[in-house]
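Colleague: Have a look at the structure that comes next, please.
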Amino acid sequence: MTVRAILDTKGHKVESVEAQTTLAEAAKLLADRKIGAVLVMSGTRMEGILSERDIVRSLGERGATALTEPVSSVMTRRVVSCKPADTVASIMEMMTNGKFRHLPVIEGGVVVGLISIGDVVKWRVQEYETEQEALRQYIKTA
């Protein structure tokens, strides 16, 4: 299976903020949307990604004053991304090896989605359930 199949199921909507957004505003967005990361965008260009881990790390280092800082001071700038044609197995490996849980999907230089490890797990569970049902049907007809 491919990343495109996951996006076609979950949708292509991506939450984003601008670089000057405060950490407090971004944290509220994450909480309100019940998500773990947002892309930091300047127009259509991705500047970075801000995750819950980035926020916790900055709070641990600088305390509550970090909440008034812009997300650009905290975000991850070196963002690993994938393509819609990438396989689920390959992005699972990327996420595991890189120890991150969110992966922007880029096609033709444009962000077309964001895949989380939760999306991958959900997809894999559905895939296993489908395989089990196919085996049950095969056994019934054998």
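Residue numbers are given in the UniProt record's numbering: position 62 of the sequence shown equals residue 62, and the series is strictly consecutive. Virtual Cβ for every residue (Gly too), placed ideally from N, Cα, C.
Which residue's Cα is closest to the Cα of glycine 43: Val111, Leu67, Ala31, Glu131?
Modeller: Val111
Colleague: Ignore the nearest five residues each way along the sequence and tell me which others in methionine 92's own chain have a CB closer than 7 Å to its CB.
Modeller: Val120
Colleague: Could you give the distance in angstroms between the alpha-carbon of arginine 136 and the alpha-carbon of glutamate 127?
Modeller: 14 Å
Colleague: Going by CA-CA distance only, name the one from Arg78, Val71, Ser90, Val79 that's closest to alanine 24.
Modeller: Val71
Colleague: Label isoleucine 6 either buried or exposed according to how many other C-beta atoms from any shown protein chain fall within 10 Å of its C-beta, with 16 as the threshold for buried.
Modeller: Buried, because 16 or more other Cβ atoms sit within 10 Å of the Cβ of isoleucine 6.
Colleague: Spatial neighbours of proline 84 within its chain, please: CB distance less than 7 Å, with the 5 preceding and 5 following residues excluded, ordered by chain position.
Modeller: Thr2, Val3, Arg4, Leu7, Val105, Glu107, Val112
Colleague: Report the option in Lys122, Thr130, Thr141, Glu133 whose CA atom is closest to the CA atom of lysine 10.
Modeller: Ranking the options by Cα distance to lysine 10, first place goes to Lys122.
Colleague: Run through the DSSP bridge pairs and tell me what proline 104 is partnered with.
Modeller: Leu114
Colleague: Can at least three beta-carbon pairs, one atom from the region 56-63 and one from the region 87-101, be found at a separation below 8 Å?
Modeller: no
Colleague: What first and last residue would you give for the beta strand (DSSP E) that runs through glycine 48?
Modeller: Run containing glycine 48: 45-51, per the beta strand (DSSP E) assignment.
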